[in-house]
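**Q** What follows is a structure written as structure tokens; I'll ask about it next.
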Amino acid sequence: MTSEVNPSGGLKTDWVPGQPTVDEVNNSMQNFGGVDYLIFIVMLTSCGAIGIYFGFIKKISGEDEYLVGGRNMKTFPISLSLIASFISGISLLGIPTEIYVHGTSYLFIGLGVILVGFVMSMIYLPVFHELRLTSTYEYLERRFDGKVRFLGSVLFFFGIMTWLPIVIYVPALAFNQVTGINVHIVTPFVCIICIFYTCVGGLRAVVWTDFVQAFIMFGAMFLIAIKGTIDVGGLGVVIQRNLDSGRLEFPITDLSPSTRHSFWALVIGGFVYWLQIAAMNQNMLQRYMALPNLKAAKSALWIFIFGALSLLLICGYSGLLIHAWYHDCDPLTTKLVSAKDQLLPLLVMDILGKFPGLPGLFVAGVFSAALSSLSTGLNSLAAVVLEDFIKPLRKTPLTIRCADILMKLTVVILGIICVGLVFVVEKTGTHVLQLSITMSAIDSGPSLGIFTIGILLPWVNAKGALIGGIAGLGFMGWVTISAQTAIASGSIIFDEKPITTEGCTYWFQQAENLLLLVPPDSIFGKNNDETLGEPWALFRLSYLWYTLTGALVTIIVSLVVSIISSEKIEKLDPKLVAPFIRKYLRSTKTTELYQVQSASHDICTNNISVTSAQAPTITSST
Numbered sequence: 035m036t037s038e039v040n041p042s043g044g045l046k047t048d049w050v051p052g053q054p055t056v057d058e059v060n061n062s063m064q065n066f067g068g069v070d071y072l073i074f075i076v077m078l079t080s081c082g083a084i085g086i087y088f089g090f091i092k093k094i095s096g097e098d099e100y101l102v103g104g105r106n107m108k109t110f111p112i113s114l115s116l117i118a119s120f121i122s123g124i125s126l127l128g129i130p131t132e133i134y135v136h137g138t139s140y141l142f143i144g145l146g147v148i149l150v151g152f153v154m155s156m157i158y159l160p161v162f163h164e165l166r167l168t169s170t171y172e173y174l175e176r177r178f179d180g181k182v183r184f185l186g187s188v189l190f191f192f193g194i195m196t197w198l199p200i201v202i203y204v205p206a207l208a209f210n211q212v213t214g215i216n217v218h219i220v221t222p223f224v225c226i227i228c229i230f231y232t233c234v235g236g237l238r239a240v241v242w243t244d245f246v247q248a249f250i251m252f253g254a255m256f257l258i259a260i261k262g263t264i265d266v267g268g269l270g271v272v273i274q275r276n277l278d279s280g281r282l283e284f285p286i287t288d289l290s291p292s293t294r295h296s297f298w299a300l301v302i303g304g305f306v307y308w309l310q311i312a313a314m315n316q317n318m319l320q321r322y323m324a325l326p327n328l329k330a331a332k333s334a335l336w337i338f339i340f341g342a343l344s345l346l347l348i349c350g351y352s353g354l355l356i357h358a359w360y361h362d363c364d365p366l367t368t369k370l371v372s373a374k375d376q377l378l379p380l381l382v383m384d385i386l387g388k389f390p391g392l393p394g395l396f397v398a399g400v401f402s403a404a405l406s407s408l409s410t411g412l413n414s415l416a417a418v419v420l421e422d423f424i425k426p427l428r429k430t431p432l433t434i435r436c437a438d439i440l441m442k443l444t445v446v447i448l449g450i451i452c453v454g455l456v457f458v459v460e461k462t463g464t465h466v467l468q469l470s471i472t473m474s475a476i477d478s479g480p481s482l483g484i485f486t487i488g489i490l491l492p493w494v495n496a497k498g499a500l501i502g503g504i505a506g507l508g509f510m511g512w513v514t515i516s517a518q519t520a521i522a523s524g525s526i527i528f529d530e531k532p533i534t535t536e537g538c539t540y541w542f543q544q545a546e547n548l549l550l551l552v553p554p555d556s557i558f559g560k561n562n563d564e565t566l567g568e569p570w571a572l573f574r575l576s577y578l579w580y581t582l583t584g585a586l587v588t589i590i591v592s593l594v595v596s597i598i599s600s601e602k603i604e605k606l607d608p609k610l611v612a613p614f615i616r617k618y619l620r621s622t623k624t625t626e627l628y629q630v631q632s633a634s635h636d637i638c639t640n641n642i643s644v645t646s647a648q649a650p651t652i653t654s655s656t
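Counting from 1 along the sequence shown, just add 34 to a position and that's the residue number in our numbering.
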């Protein structure tokens, strides 16, 4: 061992002459070959071809056909589309990273996912499907008024526009790890393909590209799990190494809301987070609306739940596999990867790099997940912009041609904006899984609260819903941004599982707490612990409670305002509330309708009786 100056100018410690540096190792692993590029290009080309087929051969046109597929699509393709749209690259790369850094506690969120299936099938899905909506937020106008609908649409728009750049950025990280190509070179190229097929093919193109991408996504993850397990020495080695490090664990049952992953936060908080996404998010409901009946929609829901759980487990196992591979040489500490969410791509190059085409399959799988989410988001944004922002401002109906142009123009413009926002996401310096859940809570909590009071609390009025939604939005915006700032500045630090670099066979720069470092140009600034002081307890709230908190603030404020304003709810359509509440509903409209129906029935009965009595007379005279 010796100490000398390395080629990049820093001080080398305990360096063996001839020992490779971390940069040399990293460069040697970036062997993405011609076959890999070919597979990746074939995936993109097939997606574009599907868009061309539905846009120019089948000639999809018309608002109903473009946005909800004519409401006659098949259950299985819709189910796979739901899975592919929800399980983005954030999940494929973020969940393995979460398991590697923090342990297996996160996987218990699956219990909350199962609860979502029961609650949605019994409460939310029957209401939305029976109303045959195109925009989910049309419900808010029927239940409350146009102002509440506009608020709901704005919440959705804000949420998607903050989520999609993260979705785009994550697969670019994977591509950067295996090829060395800058993320800002690959993202525009790939997104142009996605914007194209979404723009010209509508929902049918989105669903069928999702269908293809779902198989690529599952295939890539299973390939990694099987080949990686064999190479590391078998399933027993994977389990033992994770047991030894404390990663294979159950969540604690601590009641403190500041505990990052308690059992209650995962099951209850996770349930509410997934409920908002699955039950009242335009991305998901637009697909349920494309099915011909409620029975088909419920079948698609349960296939989605099963598929999402399967992918959650395989991603979780991939995290265990990452630790089994790097248990004695942490690639985050050595900076073999520049970001936490590049751990899985690193593993892929270790176990599949020698096989031409297999790294390409993995990257295609990650990009498939991202493209499905991006196309879904853009298609849903087109529906919301047309139905909720443009149509209410027009006094005359749009022509079919004009509606088509507006929807496609919306997809193109918003797609370009999302690509530009990738630069902002890159500066946050936060693990993308937690970042995506945290940022989505700003809009998802209030949105869930508004829809829930509409479906379950028939006595809440429009004024209460509007003020409650605004209050929830403001409160959650303040909490989440403040908490994210504290995390990025280093004021809030989460416990992480032990790592070591004792078994590394390459040289790297020694540093302390590299796992917790924030990029120096972070948009949240540098660590100023001394000036910032101790963060408030509210900012230490687990990110899994954010959506529930936003929903509760919205519901409570809505109830208080409704009581104070004393505005009665009149003429409430029973279809607007959950099926089990309808029998208890005694609205003015229901009573009046019953009286009118009874009077009509009596008149009709009397007329029939008179006619019957007179019939013999008429006959005899004849």
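Yeah, the Cβ is synthetic: ideal placement off N, Cα and C, and Gly gets one too.
For clarity, every value in this text was computed on a predicted model and none was experimentally measured.
For the alpha helix (DSSP H) containing F349, list its first residue and its last residue.
**A** According to the sequence shown, residue 349 is Cys rather than Phe. Here the alpha helix (DSSP H) through C349 covers L328 to W359.
**Q** Within the same chain, show all residues whose beta-carbon is closer than 8 angstroms to that of V591, passing over the 5 residues directly before and after it, in chain order.
**A** Closer than 8 angstroms at the Cβ level, and outside the excluded window around V591, lie G498, I501, G502, A505 and G506.
**Q** V594: which of N495, F542, G123 and G137 sits nearest, CA to CA?
**A** Ranking N495, F542, G123 and G137 by Cα distance to V594 puts N495 first.
**Q** Look up T472 in the DSSP assignment and say whether it is helix, strand or coil.
**A** Reduced to three states, the DSSP call for T472 is helix.
**Q** Taking I86 as the reference, which of M77, I129, R616 and A239 has the closest Cα?
**A** Closest option to I86, Cα to Cα, is A239.
**Q** Rounded to whole angstroms, what's the CA-CA distance from I229 to F401? Just pull it up for me.
**A** Roughly 14 angstroms between the two C-alpha positions.
**Q** List the endpoints of the continuous alpha helix (DSSP H) containing Q316.
**A** Here the alpha helix (DSSP H) through Q316 covers Q316 to Y322.
**Q** On the criterion of 16 or more Cβ atoms from any shown chain inside 10 Å, does A83 qualify as buried, or is it exposed?
**A** Exposed, by the Cβ-count rule.
**Q** With DSSP as the reference, label W493 as helix, strand or coil.
**A** In the structure shown, W493 sits in coil (DSSP, three-state: anything other than H, G, I, E or B).
**Q** What do you get for T622, buried or exposed, if any count of 16 or more other CB atoms within 10 angstroms of its CB means buried?
**A** In this prediction, T622 scores a pLDDT of 42, lower than 50, which makes its location untrustworthy; the coordinate-derived value is nonetheless stated afterwards. That one is exposed.
**Q** Where DSSP assigns a beta bridge to W541, which residues make up the other side?
**A** BP columns for W541 point to T55.
**Q** For the pair the region 580–587 and the region 476–483, tell me if three or more CB-CB distances fall below 8 angstroms.
**A** Touching, yes, given that three or more Cβ pairs across the two stretches are closer than 8 angstroms.
**Q** Determine the direct distance from the alpha carbon of K261 to that of P390, and round the result to whole angstroms.
**A** In a straight line, the C-alpha of P390 is about 15 angstroms away from that of K261.
**Q** Tell me which residue opens and which closes the alpha helix (DSSP H) that P199 is part of.
**A** Its alpha helix (DSSP H) spans residues G180 to T213.
**Q** Rounded to whole angstroms, what is the Cα-Cα separation between K374 and A254?
**A** Those two C-alpha atoms are separated by around 20 angstroms.
**Q** Do the CB positions of T287 and I533 come within less than 8 angstroms of each other?
**A** Not in contact: T287 and I533 (Cβ atoms no closer than 8 angstroms).
**Q** Let me make sure I understand the geometry here. Which of M510, S576, F162 and T131 has the alpha-carbon closest to that of C349?
**A** Cα-wise, what sits closest to C349 is T131.
**Q** Suppose the cutoff is 7 angstroms on Cβ atoms and the five residues either side in sequence are ignored; what does the same chain contact list for Q53 look like?
**A** Excluding residues within five positions, the ones whose Cβ falls inside 7 angstroms are Y540 and W541.
**Q** State yes or no: is the C-beta of S155 within less than 8 angstroms of the C-beta of K332?
**A** For S155 and K332, yes; Cβs fall inside 8 angstroms.
**Q** Compare the beta carbon distance of S406 and A208 with 8 angstroms and say whether it is the shorter of the two.
**A** For S406 and A208, no; Cβs fall outside 8 angstroms.
**Q** In the DSSP assignment, the alpha helix (DSSP H) including G146 goes from what residue to what residue?
**A** Per DSSP, G146 belongs to the alpha helix (DSSP H) from I143 to V153.
**Q** Thinking C-beta only, is F162 closer than 8 angstroms to Y173?
**A** It is a contact, given that the beta carbons lie within the stated cut-off.
**Q** Would you kindly check if the distance between the Cβ of T221 and the Cβ of A206 is under 8 angstroms?
**A** Taking 8 angstroms as the Cβ cut-off, A206 and T221 qualify as a contacting pair.
**Q** Ends of the alpha helix (DSSP H) at C452?
**A** Run containing C452: I434 to E460, per the alpha helix (DSSP H) assignment.
**Q** G661 by DSSP, collapsed to three states: which one?
**A** The chain is shown only over 35 to 656; residue 661 falls outside these bounds and no answer can be derived.
**Q** Evaluate the contact criterion for the region 446–463 versus the region 211–226: three or more CB pairs, one atom per stretch, below 8 angstroms.
**A** Verdict: yes, contact present.
**Q** Measuring CA to CA, which of L167, F152 and G128 is closest to L141?
**A** When only C-alpha atoms are compared, the closest one is G128.
**Q** On the three-state DSSP scale, how would you describe E536?
**A** Coil at E536, not helix or strand.
**Q** Is it true that the CB of F245 sits closer than 8 angstroms to the CB of L149?
**A** Taking 8 angstroms as the Cβ cut-off, L149 and F245 do not qualify as a contacting pair.
**Q** Assess contact between the region 431–446 and the region 180–193, defined as three or more Cβ pairs (one per stretch) separated by less than 8 angstroms. Is contact present?
**A** Because the criterion of three Cβ pairs below 8 angstroms is not met, the region 431–446 and the region 180–193 do not touch.
**Q** Enumerate in chain order the residues of its own chain whose CB-to-CB distance from A248 is below 7 angstroms, with the five nearest sequence positions on each side excluded.
**A** Correct list, in chain order: L114, I117 and A118.
**Q** Under 8 angstroms by Cβ, that's how I've got I573 and R294 pegged, so tell me the actual separation to the nearest angstrom.
**A** In the sequence as displayed, the identity of residue 573 is Phe instead of Ile. At roughly 13 angstroms, the Cβ-Cβ gap does not stay under 8 angstroms, so F573 and R294 are not in contact.
**Q** Please state whether the Cβ-Cβ distance between I356 and Y134 is less than 8 angstroms.
**A** Against a cut-off of 8 angstroms, the Cβ pair of Y134 and I356 comes out as a contact.
**Q** I'd like the ranges of any alpha helix (DSSP H) spanning at least 4 consecutive residues and lying wholly in the region 268–297.
**A** Whole alpha helix (DSSP H) segments, 4+ residues: 269–279.
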